[in-house]
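S.K.: Residue numbers (our numbering): 824 to 929.
One structure, pasted below without further comment.
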């Protein structure tokens, strides 16, 4: 997967497109790694969260823009699916909205 800079100079992990589906894996360990991911507008996305951190705060992930709140079982991978249809920079967070990750849509 290629790495690109985002608007704030941080590295954004670009989702890999395969058979019309963009995929990226985010490790949940003290936060989200990578912190920022880049998605293509209008292409269905699968973001797989691999939770390694036992903190209760990171037990869920929330995508407000898509009304998604998903449990992230410790030691398991959980895949969130949606189609980003609006360009811009967006946030996702833990269920308590204390820890944030970001995604850009171009």
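Heads up, the beta-carbon is just placed ideally off N, CA and C, and yes, glycines get one too.
By how many angstroms is the C-alpha of residue 874 removed from the C-alpha of residue 898?
M.R.: Going by the C-alpha atoms only, they are around 6 Å apart.
S.K.: In three-state DSSP terms, what is residue 875?
M.R.: Residue state, collapsed to three classes: coil.
S.K.: Taking just the CA atoms, how far does residue 876 sit from residue 896?
M.R.: Roughly 10 Å between the two C-alpha positions.
S.K.: Would you check if there are 3 or more beta carbon pairs closer than 8 Å linking the region 876-891 to the region 908-916?
M.R.: Because the criterion of three Cβ pairs below 8 Å is met, the region 876-891 and the region 908-916 touch.
S.K.: Do residue 872 and residue 901 have their beta-carbon atoms positioned less than 8 Å apart in this structure?
M.R.: In contact: residue 901 and residue 872 (Cβ atoms closer than 8 Å).
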